[in-house]
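Just below is one structure, and these are the notes that go with it.
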Amino acid sequence: MNAGEKVAIIADIHGNSAALKAVMDDIDKDEQIEHIYCLGDLIGIGHETNEVLELLFSRNNISFVMGNHDEAVLKILDGNEPGSVGDEREHHKWIASRLDEKLISKLKSIPMRQNARINGKDFLFVHYHLNGRDEFLPIDNQPTSQRLDDIYELTDVDVICFGHHHTVHHFKSKERLYLNPSSLGCTSKPLAPYAKLRVGDFGQIDVSFIEVSYDNKEFLLGYEKLNVPAGDDILKIFHGNQHLNYIQNL
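Note that my numbering numbers the sequence shown so that position 211 is 211, with each residue one more than the last.
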């Protein structure tokens, strides 16, 4: 059944171009997908900043929202306080120092939120829940549909898509649907997650969570080759020390 409109949702690429390329190839195989929504944190954590941005910005079928890592790096480039401290701050400074200047203006143009109407349904896309000053709220590690409804009680939309919390969220309340496809670029296995969403002609919404396998060896070994600040912690926390499998096999 092909009725309706179909979109892809990606989030938290985090400077991992190998994962991004695998997902884009998978999306491009589905000719029914009309648009891609990217939910922020294009850069940071991963070291393939320019490769990721060049691929994303080369396409005309992607809408973006700003993530906290994107925001921190841009603040450093503007000479402002990034909000990060310690090793994370040093990591952001390193990312900023390697960012290709021709990509900065496009990155700066990304908004904090995007609204879209897809086949009669109203969507809101954000990196994560925002307060009245457009600041990201702390991560809620025990989200429920009721707690999400409380945050968005004054928001008149049917679907809210967000990222930031690197795990799948799929909540349906009486008010609306909430969706987080999980982090595309930070996983403990060589898998890159994203979501497909179809809005049918009668208002039905079908969601599919996809995991694309890819070769992450060169990406993971790149942390040591490039001496990425906080690299050991990143590899442990965000990638489950997968790199040790490759080092032992060298």
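Where a beta carbon is used, it is the ideal one built from N, C-alpha and C, also for glycine.
As assigned by DSSP and simplified to three states, the class of residue i
i	result
F209	strand
S105	helix
I27	helix
N141	coil
Y37	strand
M1	A caution first: M1 carries a pLDDT of 46, below 50, which makes its placement in the model unreliable, though a value can still be read off. Of the three classes helix, strand and coil, the one that applies to M1 here is coil, per DSSP.
K174	coil
I234	helix
Y194	strand
V7	strand
D149	helix
F123	strand
R252	Only positions 1 to 250 of the chain appear in this structure, which leaves residue 252 out of reach.
V52	helix
L221	helix
V73	helix
Residue of the options minimising C-alpha distance to residue i
i	options	result
A18	G185, Y152, K189, G86	G185
S183	E211, K174, R176, K93	E211
H166	S173, P181, T155, E153	P181
L99	K75, V85, S84	K75
Q68	L221, V207, I9, D134	For clarity, residue 68 is Asn in the given sequence; the question names Gln instead. Comparing Cα-Cα distances from N68 to each of L221, V207, I9, D134, the minimum goes to D134.
L107	Y246, D78, L220, Q146	D78
V207	S213, S58, A195	A195
Y214	K29, E175, A8, D25	D25
E54	P82, N16, R147	N16
Contact under 8 Å by Cβ, residue i with residue j
i	j	result
V65	F125	yes
L179	V159	yes
H14	I45	yes
H92	L226	no
D233	D87	yes
L103	F57	yes
P193	E90	no
I43	D12	no
I188	G240	The sequence given here has Ser at residue 188, not Ile. Result yes, Cβ atoms of S188 and G240 sit closer than 8 Å.
L149	E175	Looking at the sequence itself, residue 149 is Asp, so the reference to Leu does not match. Yes, they are a contact pair.
Spatial distance of residue i from residue j (CA atoms)
i	j	result
E101	Q142	40 Å
G40	H127	5 Å
F209	V73	30 Å
I205	H35	16 Å
H243	A3	44 Å
E224	L235	10 Å
L220	Q114	32 Å
E254	P111	Nothing in the structure corresponds to residue 254, since the chain is present only between 1 and 250.
I10	S105	22 Å
Y37	T155	19 Å
Y246	Q32	37 Å
K6	R59	18 Å
K29	I95	32 Å
L191	K217	12 Å
H83	L177	Here the sequence assigns Gly to residue 83, which means His is not the residue at that position. Approximately 31 Å between the Cα atoms of the pair.
I237	F162	21 Å
R147	P138	13 Å
G132	V23	34 Å
A8	I27	7 Å
R117	L197	13 Å
G203	G231	45 Å
S97	T49	11 Å
Expected contact under 8 Å - CB spacing of residue i and residue j to nearest Å
i	j	result
H164	F136	7 Å
D201	N80	Not quite, the Cβ-Cβ distance comes to about 47 Å (not below 8 Å), so this is no contact.
K121	S145	Incorrect: roughly 17 Å between the Cβ atoms, too far for contact.
F123	V157	6 Å
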